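Participant: Residue numbers (the numbering used here): 19 to 639.
1) Where does residue 585 sit, in a helix, a strand or coil, going by DSSP?
2) So for residue 263, helix, strand or coil by DSSP?
3) Report the partner residues of residue 138 according to the DSSP bridge assignment.
4) Which runs of the alpha helix (DSSP H) at least 4 residues long sit entirely within the stretch 136 to 185? Give them in chain order.
5) Determine the extent of the alpha helix (DSSP H) in which residue 205 is found, giving its start and end residues.
6) Rounding to the nearest angstrom, what Cα-Cα distance links residue 132 and residue 91 in this structure?
7) Do the stretch 159 to 177 and the stretch 121 to 129 touch if we need at least three Cβ pairs shorter than 8 Å?
8) Check whether the Cβ atoms of residue 244 and residue 201 lie closer than 8 Å to each other.
9) Less than 8 Å between C-beta atoms, sequence neighbours within five positions excluded: which residues of the same chain meet that for residue 213?
10) Tell me residue 613's beta-bridge partners as DSSP assigns them.
11) Taking just the CA atoms, how far does residue 291 sit from residue 3?
12) Measuring alpha carbon to alpha carbon, tell me which of 278, 176 and 293 ends up nearest residue 270.
13) Return the chain-ordered list of same chain residues with a C-beta closer than 7 Å to the C-beta of residue 432, the five sequence neighbours on each side being excluded.
14) As a quick exercise: from 546, 324 and 147, pick the residue whose alpha carbon is nearest that of residue 528.
15) Please classify residue 272 as buried or exposed, where buried requires at least 16 other C-beta atoms within 10 Å of its C-beta.
16) In this structure, does DSSP put residue 497 in helix, strand or coil?
17) Identify, in the order they occur along the chain, each residue of the same chain with its Cβ nearer than 6 Å to the Cβ of residue 571, setting aside the five sequence neighbours on each side.
18) Distance, Cα to Cα, residue 326 vs residue 267?
19) When you compare only the Cα positions, how much space is there between residue 195 and residue 461?
20) What is the residue span of the beta strand (DSSP E) that residue 269 lies within?
21) Express the C-alpha separation of residue 89 and residue 190 in angstroms, rounding to a whole number.
22) When the Cβ atoms of the stretch 584 to 594 are set against those of the stretch 608 to 625, are three or more pairs found closer than 8 Å?
23) Within 10 Å of its beta-carbon, does residue 515 have 16 or more other beta-carbons around it, so buried, or fewer, so exposed?
24) At 4 residues or longer, and completely inside the stretch 36 to 113: list those alpha helix (DSSP H) runs for me, N to C.
25) Please list the terminal residues of the continuous alpha helix (DSSP H) segment that includes residue 280.
26) Classify residue 190 as helix, strand or coil using the three-state DSSP reduction.
27) Output yes or no for whether 8 Å exceeds the beta carbon distance between residue 477 and residue 508.
28) At the level of alpha carbons, what is the spacing between residue 501 and residue 539?
29) Can you list, in chain order, the residues of its chain with a C-beta nearer than 7 Å to that of residue 281? Leave out the 5 residues immediately preceding and following it.
30) State yes or no: is the C-beta of residue 541 within less than 8 Å of the C-beta of residue 499?
31) Among 146, 79, 73 and 587, which has the Cα closest to the Cα of residue 622?
32) Just tell me which of 548, 261 and 324 has its CA closest to the CA of residue 348.
33) Could you tell me the alpha carbon to alpha carbon distance between residue 116 and residue 147, rounded to whole angstroms?
34) Out of 316, 174, 261 and 157, state which residue places its alpha-carbon closest to the alpha-carbon of residue 138.
35) Measure the C-alpha to C-alpha separation of residue 295 and residue 250 and round it to an integer number of angstroms.
36) Beta carbon of residue 511, beta carbon of residue 526: below 8 Å?
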């Protein structure tokens, strides 16, 4: 019996491993079946997710924004085309965000199709494109004419080479470099023809004495459509490599040429319409003024289409010679910014000297311009006793922003502007001599009435919008009154960004006599409106003005009371003045007080109003 029991135990021990193997295999089979079921269900989930994605795509494709007409989508996308104005000039190769067009092309299939099928959307290369995107834009733009507006340092060499390889496609090229040699090296490579190029501008922060290679001819001399060429802060040596382009109508250089070079350039470009040459060192310490040369016996160069000429940085004698040597019958804009000698007391009394000759010469240009410009509707007089003097005349209505009235480049295209600048030596700090010069020029302009001042109807006095303190006129009151006497038809007196001058308001206030009559010895007999305007940046200064402004309110009240004719009142316009309500109400009985664009009441009677032209006087600290 014991033997049989012992045999049974041995069999159990022998079968145990096989049972474990069997159980393990069964577990693996079950896990395999479960895994297969998991994968089946995962496949079902993937299929469902794909189906959901397809449904979402179909859903998005039916969204109102995705079913817009192709023309409208193209216009919307064109607003996202990169422009250099959207970003500042980039001096490094820092990572750039994803271009807007790339983001728009991932919204829906229709948007992507429109983006990729519109090559013109990809035809602008700027600094906001980094990495591979310039190459992508060049590829997707196909054969569309290109606009290149880049900073050289923000793009690697291969990108620059790729741009140069597409010179035959470039329509507009704006290149900026802040290194001395960057722009020089780049322009040395611009020897390929540019058959589509219409606008080219090159700017560098500082080139020093570096110039282009003498064997480099810009665009290989082949740019048959080039209309505008700008060499900003360049070197005069650049012009030696600029061949004559008969199609150029606008040339701008920040390096002034000599008079012979200017004349030669004009002869080579007879169809030129706008010439601008500005020397960045116009206010340098150069003291040589030269002497006025006798008139040349050769006939002046005829520029039949030249309407704008701006030269800043010539010596006084050079400017006079240049103006004598060029005949511009279609001139709309003339800006001459130069240094003139300081006038001594002896020259002031004798009426001779360089100042007289220069001023008479340039004023004669103003008189000649009136013949084809018509009567001037606006005049701007800007002065700084130790810096410059300029007169601007225009034959169109003046803009509401006075600041733009004295800046030729801010005027609308087609406007008729005459800008004349006389600048004397700013480094001579002898105030009496500087003021004598100013007085002398003011006498020539006002007292001799070379500007037909009786045509002016608006007198505006203003200072810089950045001014944060009171304006100092730096002139005796009797001088101002003497100069303003010829302005007999002034209807509007406008103070812009400055404290109104009480002595001027008092001088415009008629004085009542015992018999009830009023004296005729006062300024601006036709005055019917006074405007006081402060720029938004000066509102705090305007608030400070009225803290103790009773003196000014009393002056305005005296003027309004004296000017009132029955129900006809003086108009007082306040713009950004922050005048307290109590002061406004105290003026309301004698004047129509209008705040920040407020209109006159219906049927309100005002004093007689004449046709508006404009005169602006801008004093600086």
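Glycine is no exception: its CB is placed at the ideal position from the N, C-alpha and C atoms.
Just so we're clear, the structure is a prediction, and the values are computed from it rather than from any experiment.
Facilitator: In short:
1) coil
2) coil
3) None; residue 138 has no bridge partner.
4) 151 to 158 and 175 to 182
5) 200 to 206
6) 7 Å
7) no
8) no
9) 186, 240, 241, 242 and 243
10) 592
11) Because the chain is modelled from 19 through 639, residue 3 falls outside the range shown and cannot be assessed.
12) 293
13) The predicted position of residue 432 is uncertain, since its pLDDT is 41 and thus under 50; a value taken from the coordinates is nonetheless stated next. Once the five neighbours on either side are set aside, residue 432 has no close Cβ partner at all.
14) 546
15) buried
16) helix
17) 601
18) 10 Å
19) 47 Å
20) 268 to 271
21) 25 Å
22) yes
23) buried
24) 88 to 96
25) 277 to 286
26) strand
27) yes
28) 15 Å
29) 319 and 343
30) yes
31) 587
32) 324
33) 8 Å
34) 157
35) 9 Å
36) yes
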